[in-house]
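Protein chains in written order, with our numbering: chain A, 394 to 673; chain B, 39 to 270.
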C-alpha cells in the first residue's frame, strides 16, 4: 500500500513539475509558421526576440502554408506567418483573418543539377524553364503539400500550359522545404525552392541555383486570426506579435539573421532596419 | 561515413563542454519520458493485475486490444491527442497543447499498452495457486499483489524498460502535440528531426549518439536492478 501511494505521489509530483513549466493561458500565443521559416533557423530567433520584449510565451505550430491556414480556420492559431498570397487573400475574404501586413521576402528559384540537362540556365523566365524541364522529361521534385512553394509551382505549370501530375518525371516528396531539397539533390532532379532555404542548404546539396524569379518576390505576411469568429483566439497577443514583427526591432531581427554565418541577410525585411546593413 | 565519425566527435564535445542546449533537451526528454513511463506503469500494472488475477469476462478480447496496442502508431496517437487538446476539442479549455504535459499524455498513451500487455503475460506466467495460497495465509489483496509483483519482477522490469523505450524514442506524436518549442517542448528526438530539417547532419548525429547513450545508461541501470538477487 505504502509503495503504491509513493508511486502515485511520484506521478502527481512529476505532473505538477511538468505543469508548472507552462505559463498561464492568457500568456500563450500560438504562432503558425511555414517550414522555410523553421528550416532556416529564423523562427527560433523571432520567438526569442519577441519573448524578450513581452510577457507572451510563443508556441509555434509549423507546417506548409496550406496546413497553417487550415489550422487557423479552425481557430487553433492566434497569428500566422505564411507566403501563399492567393490563399491568404481568400482566408481574409472569408472573414477568418484580418490585418494582413507584409513582413519579409525572398525569391523563388529553380535548383537543379550542375550539368543542367534541360537547359534551364538559358530560359527567359520561369514558365519557359518549366517547359524545358517537361520537354526534356527531366525529373522534377515537387513538395506536393499545398505549401506556399507548391502553390507557386502549380501556378508556373499553369502559366506554361503543362499538366505535370501523373508524368513519370514528376515526383512528389511531401516534405518540408529543406528535406525537399535533399530529396531533389539525391535524385539529381530539378525543384522549386525559396532563396533563403537554398542559401542554408547550398553547401549540403549537390544542386545549383539555375534561374531566379526576380519578377515576383516571395512575400511572407503576418495575419491575425479573426477573434470574432473564434472566441479562444488571443487577440491581444496576436496584435502584439504583428506590431513587433513589423516594427523596426522585429525588422532588424530579420535583417540581422544570417549575416554572421552567410555574410548576407537570409530574408529581406520589407521595411529597412535602421541599424543594420542589409545585404543581398 | 566521415559524417558519422564527425558526429561522434561532436557528441563528445557537446557532452564534455557542458553545452546548455544539449543538457536542456536531454533534461526535457528524461522529464517527459520518465513521467510518461511512471504513468504507464501505474496504469499498466493496474490493468495487468485486474486481467491476470480477476480473470474478468471478455479477458481475451481485452488482452487482444492491449497486445494490438503495442503496435499503436504514434502518429495516429499524436493526431488524436492533438484533436482532443485543440481549443475546439473536448479538453481545449485546459490549454495543454504545445506543452510538456501534452507530450507526457501522448507518450503515456503509447507506453501504457506495452506495459499492460507485457505485465499481464508476466503475471499470468506465475503459478495460479501462489495467489490463492498467499491469500489463504491471511495476506490482504495489496500484500498478495506486491508479493506476486516481486515474484514476477524480472518480467515486470522488462515491461517497464519496453515502456520507457517506447516513450523516449518517440518523435511523431511528440512534435505534433508538443510543437518542438526551444526551451520547453524540444526533446532529444524532436531536436534531431529539426537538425535534419535544417540540414545540420553533424549535430543531428551527435544528438542521436547522446540519445543512445542516455538510453544505454538508463537501461543498464534497470537491468542491474532486474538481475539483482531478490531481497530476502
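Quick reminder that beta carbons are idealized off the backbone N, C-alpha and C, glycines included. Small disclaimer: the values here were computed from a predicted structure and weren't measured.
Between the alpha carbons of residue 544 of chain A and residue 448 of chain A lies a distance of about 36 Å.
Only 69 from the stretch 58-69 of chain B bring a Cβ to less than 8 Å from some Cβ of chain A. Listed along the chain, the chain B residues whose CB falls inside 7 Å of the CB of residue 432 of chain A are 235, 236.
When the alpha-carbon of residue 173 of chain B is set against those of B:163, B:162, B:185, the nearest one is in B:185. With a threshold of 16 other beta carbon atoms within 10 Å, residue 95 of chain B falls short and is exposed. Counting along the chain, residue 501 of chain A sits inside the beta strand (DSSP E) bounded by residues 501-506. Taking C-beta atoms as the reference points, residue 576 of chain A and residue 615 of chain A fail to come closer than 9 Å. Not flagged as an interface residue toward chain B: residue 535 of chain A, since no C-beta distance is shorter than 9 Å. Residues of the stretch 71-100 of chain B with a Cβ closer than 8 Å to any Cβ of chain A, in chain order: 72, 73, 76, 77, 79, 80. Spatial neighbours of residue 86 of chain B in its own chain (CB-CB distance under 7 Å, excluding positions within 5 residues in sequence) are listed in chain order as 154, 157, 158, 161. Residue 565 of chain A is bridged by DSSP to A:535. The three-state secondary structure of residue 617 of chain A, taken from DSSP, is strand. A straight-line Cα-Cα distance of about 8 Å links residue 651 of chain A and residue 660 of chain A. At a C-beta separation below 7 Å, residue 219 of chain B has these neighbours in chain A: 452, 453. If you check the CB distance, residue 500 of chain A and residue 606 of chain A come in under 9 Å. Taking CB atoms only, residue 266 of chain B has no neighbour in chain A less than 9 Å away.
Our two residues, residue 255 of chain B and residue 261 of chain B, have alpha carbons roughly 10 Å apart in a direct line. Beta-bridge partners of residue 478 of chain A (DSSP): none assigned. The same chain holds no residue with a CB closer than 7 Å to that of residue 636 of chain A once the five nearest residues on each side in sequence are set aside. If you check the CB distance, residue 581 of chain A and residue 478 of chain A do not come in under 9 Å. Closest in C-alpha terms to residue 151 of chain B, from the list B:209, B:101, B:181, B:43, comes B:101. Of all residues in the stretch 559-573 of chain A, only 569, 571, 572 place a beta-carbon less than 7 Å from a beta-carbon of chain B. Look at residue 253 of chain B here: in three-state DSSP terms it is helix. Judged by DSSP in its simplified three-state form, residue 433 of chain A adopts coil rather than helix or strand. According to DSSP, residue pairing for residue 583 of chain A in a beta bridge involves A:533. When Cβ pairs closer than 8 Å are counted between the two stretches, the stretch 239-255 of chain B is seen to touch the stretch 42-61 of chain B, the count reaching three or more. No Cβ-Cβ contact shorter than 9 Å links residue 126 of chain B with residue 163 of chain B. By the Cβ criterion, the stretch 437-454 of chain A is in contact with the stretch 419-428 of chain A, since at least three pairs of Cβ atoms, one from each stretch, lie closer than 8 Å. The beta carbon of residue 423 of chain A sits closer than 9 Å to some beta carbon of chain B. Around residue 232 of chain B, the same chain offers 218 as residues with beta carbons nearer than 7 Å, after the five sequence neighbours per side are excluded. Annotation: residue 515 of chain A to residue 216 of chain B spans about 46 Å, alpha carbon to alpha carbon. Proximity of residue 660 of chain A to chain B, defined by a Cβ-Cβ separation below 9 Å, is not satisfied. Residue A:588 holds the alpha-carbon nearest to the alpha-carbon of residue 655 of chain A among A:601, A:588, A:624. With contacts defined by Cβ atoms closer than 9 Å, residue 474 of chain A and residue 613 of chain A form a contacting pair.
Annotated three-state conformation of residue 492 of chain A is strand, per DSSP. Checking the DSSP bridge columns, you'll see residue 662 of chain A partnered with A:497.
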